[in-house]
Every structure is written in C-alpha cells, then in structure tokens.
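Asker: After the structure tokens below, expect a handful of questions from me.
Protein chains in written order, with this note's numbering: chain A, 7 to 168; chain R, 5 to 91.
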C-alpha cells in the first residue's frame, strides 16, 4: 500500500503519523490501496514544496478491521456506526462528525483493539473512471494504529504537483 | 482476529450506560472547533483552506483566483465542492 508525503530533504524511514483532528479514522498512519489515489493525493494536498513522495509498504492485515472486502466485518462496522449515530441523534438531536465518532470509540478502547481500519469511499475524480459517469472503483484507505504491521517501507515514487 | 460478537457486546454495554446528559457533554467537548477542509477550485485546481471559520455566503461571486483565507466566507459560488479530508 502507498503512503503519500510532502517531499522533504531527508527520505523517510517510516510513515508519518497523521494527528489532524479531522483525520477520517483518527490518529494513525494512512495508506492508499491504489497508487493512483496516492498520486492524486500528492497532487492535491502536498503543495507546500510542490513536490511529493510516495512510499510503498507491505502491511499485515490480520488484525485490521476490513470494512472493504470482508462482509462480516463490513456489516459489523456499519451496524456500530449506525447504532452510535442513531443514539446521538435520538438523545441530543445532533449528528456527530466522523472524527467525533472515532474519538468516542478510541477513547473507550474499542477501535484500538485493532491494528488498523481499512475503509473506502468513492473518488470524485472523473479521470479515474474509464466508464462515463460511472465511478466503479473504490477509493480505499488504511488507517494503521500499530506500526508493527508495516514492513518494507521504502520510497516508491517522487512526483511534482500538477 | 478479534471476536466481533464479543466486541459488539462491549459496545452495546458502553452505549447503554450513556445518558442524554453524558452524550450532550461529550458532544460539546468533542465537536470540531476549526474544521480543516479542502476545496476544489475548478480547472483542476485544489487547495487547502486550513483556517476556515465561518460558513459560506450564498450570494457572493468572488473569483477564487483572488481570494485569501479571510475572504473565504464570501466565495461560496466559486467553490464547487468542499469536504473533509484524511491526511
């Protein structure tokens, strides 16, 4: 899987932890499943130096909650999110953000039982679809919480933002 | 792999202990204070709007090419999509 970062003077020896409050799945090491999404992300968001780097890694998914390819885990995932969202809305009439949802489950030691969460949305980039107006391809990311599952981390590609 | 049935029981127990008061307190202390968003500016251009603070005005026609962060509140029509991003 692929880890996109701003290009810096020194090459990375391990991924950089994302600690932004709005990170989709909390504080963790984020990887793209598809290289094209990693490249797209470099072009879109790593514009401070105008250059970005993509690192490639092997990742052990044995204890990752796989909400993308594993049916049982996906159903579990959806159920917990909906249960939580409905409870919040019922009790206080508000919808939590994704980061709030994650904070809730992290702070209570639920998500941290996993080494990571594999999740997906659909890319908005029309260039990624070879079928007109049909975004058939998932945009898949992995949030890693346990760095021990990441091996063979190495620079794969250097790009200039376009 | 973790036993999902056991984990679900744990989550159910967790949620059953919540009260409207505890959830409201949690909600207020955890809601994002300064969302970080990314905007698509059109023509293949994207940008990060790190310090956006207020909602967009629906009536402005300000060109995205000459806005600054402080102008963001006035440029709704120039921004085709705004959404949270991961990393």
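Even glycine gets a Cβ: it sits at the ideal position worked out from N, Cα and C.
(1) Going by beta-carbon coordinates alone, are residue 14 of chain R and residue 116 of chain A separated by less than 8 angstroms?
(2) Say whether the region 85-104 of chain A touches the region 44-57 of chain A, bearing in mind that this needs 3 or more beta-carbon pairs closer than 8 angstroms, one atom from each stretch.
(3) Per DSSP, which residues does residue 148 of chain A bridge with? Please list them.
(4) With a CB to CB cut of under 6 angstroms and the five nearest residues on each side skipped, what residues in its chain are close to residue 20 of chain A?
(5) Checking contacts by CB at 8 angstroms: is residue 82 of chain A closer than that to chain R?
(6) Please go through the same chain and pick out, in chain order, the residues whose beta-carbon is closer than 7 angstroms to the beta-carbon of residue 134 of chain A, but skip the five residues on each side of it.
(7) Chain R partners of residue 106 of chain A, CB-CB under 7 angstroms?
(8) So, do the region 59-69 of chain A and the region 9-24 of chain A have three or more beta carbon pairs nearer to each other than 8 angstroms?
(9) What residue range is occupied by the uninterrupted alpha helix (DSSP H) comprising residue 95 of chain A?
(10) Please check if any C-beta of chain R sits within less than 8 angstroms of the C-beta of residue 93 of chain A.
(11) Which same chain residues, not among the five before or five after residue 3 of chain A, have their C-beta less than 6 angstroms away from its C-beta?
(12) Can you tell which of A/141, A/107 and A/86 has the C-alpha that lies nearest to the C-alpha of residue 30 of chain A?
(13) Excluding the five sequence neighbours on either side, which residues of its own chain have a C-beta within less than 8 angstroms of the C-beta of residue 19 of chain R, listed in chain order?
(14) Is it true that the CB of residue 155 of chain A sits closer than 8 angstroms to the CB of residue 66 of chain A?
(15) Return yes when the Cβ of residue 149 of chain A is within less than 8 angstroms of the Cβ of residue 40 of chain A, no when it is not.
(16) Quick one, which of A/166, A/113 and A/120 has its alpha-carbon nearest residue 11 of chain R's?
(17) If you measure from the beta carbon of residue 45 of chain R to each beta carbon in chain A, is any gap under 8 angstroms?
(18) Does chain A have any CB closer than 8 angstroms to the CB of residue 10 of chain R?
(19) Provide the residue span of the beta strand (DSSP E) that contains residue 160 of chain A, from first to last.
(20) Could you tell me the distance, in whole angstroms, from the CA atom of residue 63 of chain R to the CA atom of residue 139 of chain A?
(21) Could you pull the start and end residues of the alpha helix (DSSP H) that residue 59 of chain A belongs to?
(22) Between which residues of its own chain and residue 21 of chain R is the CB-CB distance below 8 angstroms, once the five residues before and five after are set aside?
(23) Cβ closer than 7 angstroms: which chain R residues qualify as neighbours of residue 55 of chain A?
Answerer: Reading off the structure:
(1) yes
(2) no
(3) A/37 and A/124
(4) 159
(5) yes
(6) 42 and 143
(7) 34 and 35
(8) yes
(9) 77-98
(10) yes
(11) For chain A, the structure presents residues 7 to 168; residue 3 of chain A sits outside this window and is missing.
(12) A/107
(13) none
(14) yes
(15) no
(16) A/120
(17) Reliability of the predicted coordinates at residue 45 of chain R is poor, the pLDDT of 48 falling under 50, and no value is obtained from them.
(18) no
(19) 156-166
(20) Confidence is the limiting factor: at residue 63 of chain R the pLDDT is only 40, short of 50, which leaves the residue's position unreliable and the question unanswerable from this model.
(21) That residue, residue 59 of chain A, is in no alpha helix (DSSP H); its beta strand (DSSP E) goes 57-65.
(22) none
(23) Neighbours of residue 55 of chain A on chain R: none; closest Cβ ~14 angstroms, over 7 angstroms.
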